[in-house]
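So that you can map any letter, position 12 of the sequence shown is 21 in our numbering, and since no number is skipped, the others follow by simple counting.
We treat Cβ as the ideally placed atom computed from N, Cα and C, and that holds for glycine.
Notes follow once the structure below has been shown.
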Amino acid sequence: MPLRHKAAKEFVAAWHRHHKPPAGAVFTVGAADEDGVLRAVAIVGRPVARHLDDGQTLEVTRTATDGVSNANSLLYGASWRAAKALGYTRLITYTQEGESGASLRGAGWRVIARRSPRRGWHCASRPREETGTENVARTLWEATCPVEAGTGR
10 MPLRHKAAKE FVAAWHRHHK PPAGAVFTVG AADEDGVLRA VAIVGRPVAR HLDDGQTLEV
70 TRTATDGVSN ANSLLYGASW RAAKALGYTR LITYTQEGES GASLRGAGWR VIARRSPRRG
130 WHCASRPREE TGTENVARTL WEATCPVEAG TGR
């Protein structure tokens, strides 16, 4: 379902385990049950890493669910379809150490890199508050295009 950014941020603030809502977004999508009750959201924005922000790449910066089964896989697939429809050629996201990535694999994504833990963004010249996700290894995932029938690509 289409979803306003404000509603997606409110859902993330209520349901995400370890991150606050991201500041911005290119688009957001939601998953609702048969009664129209919002059960999960995905927020898609520009890549956080500057070197990946090439104008053709977007990043799923946050997903959150209220525990409903398979919603993350549904949202990762919908996010990739929407990004492609907007003309983007690449969609990425990260998982933290200890997260299985089952929903990403279920949506056809693949691991493209493993990132070592980092200290965080705080430095004397630009102080930052700790977020609780410092010193955690991450895995970088990429949405993959299924082979189009008869094209070989």
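Among P31, H25, Q105 and T74, the one whose alpha carbon lies nearest that of R127: In the sequence shown, counting from the first residue as 1, residue 127 sits at position 118. Residue Q105 is the option with its Cα nearest to R127.
So what does DSSP say about L12, is it helix, strand or coil? Taking the sequence shown and counting its residues from 1, one reaches residue 12 at position 3. In this structure, L12 counts as coil in the three-state DSSP scheme.
Distance, Cα to Cα, V46 vs A146? Numbered from its first residue, the sequence shown carries residue 46 at position 37. Numbered from its first residue, the sequence shown carries residue 146 at position 137. Cα to Cα, V46 sits roughly 34 Å from A146.
Closest residue to A32 among R26, L84, S134 and R55 (Cα-Cα distance): To locate residue 32, count along the sequence shown from 1; it is residue 23. Nearest C-alpha to A32: R55.
Taking all protein chains shown into account, decide if P30 is buried (16 or more other Cβ within 10 angstroms of its Cβ) or exposed. On the sequence shown, residue 30 is found 21 positions in, with the first residue counted as 1. Label assigned to P30: buried.
On the criterion of 16 or more Cβ atoms from any shown chain inside 10 Å, does S88 qualify as buried, or is it exposed? Numbered from its first residue, the sequence shown carries residue 88 at position 79. When all chains shown are included, S88 counts as buried.
Under 8 Å by Cβ, that's how I've got T109 and S82 pegged, so tell me the actual separation to the nearest angstrom. In the sequence shown, the residue the question calls residue 109 occupies position 100. In the sequence shown, the residue the question calls residue 82 occupies position 73. It should be pointed out that residue 109 corresponds to Ser in this sequence rather than to Thr. That belief does not hold up - the Cβ atoms of S109 and S82 are roughly 12 Å apart, past 8 Å.
Exposed or buried, E68, counting other C-beta atoms within 10 Å across all chains shown (16 or more means buried)? As a first step, residue 68 must be located in the sequence shown, where it is residue number 59. Buried, because 16 or more other Cβ atoms sit within 10 Å of the Cβ of E68.
Taking only the alpha-carbon atoms, compute the straight-line gap between V50 and T74 and give it to the nearest angstrom. On the sequence shown, position 41 is the one that residue 50 refers to. On the sequence shown, position 65 is the one that residue 74 refers to. Counting only the Cα atoms, T74 lies some 7 Å from V50.
Runs of 3 residues minimum, wholly inside the region 42 to 69: which ones carry the beta strand (DSSP E) assignment? 47 to 54
Closest Cα partner of R114 within the set R26, G96, G39 and A152: To locate residue 114, count along the sequence shown from 1; it is residue 105. The residue with the shortest Cα to Cα distance from R114 is A152.
Output the distance between the C-alpha atoms of T102 and S78, rounded to the nearest integer angstrom. If you number the sequence shown from 1, residue 102 lands on position 93. If you number the sequence shown from 1, residue 78 lands on position 69. Computed Cα separation, rounded: 20 Å.
Residues bridged to L149 (per DSSP): What you label residue 149 is simply residue 140 of the sequence shown in a count that begins at 1. According to DSSP, which records beta bridges pairwise, L149 is partnered with Y103 and A122.
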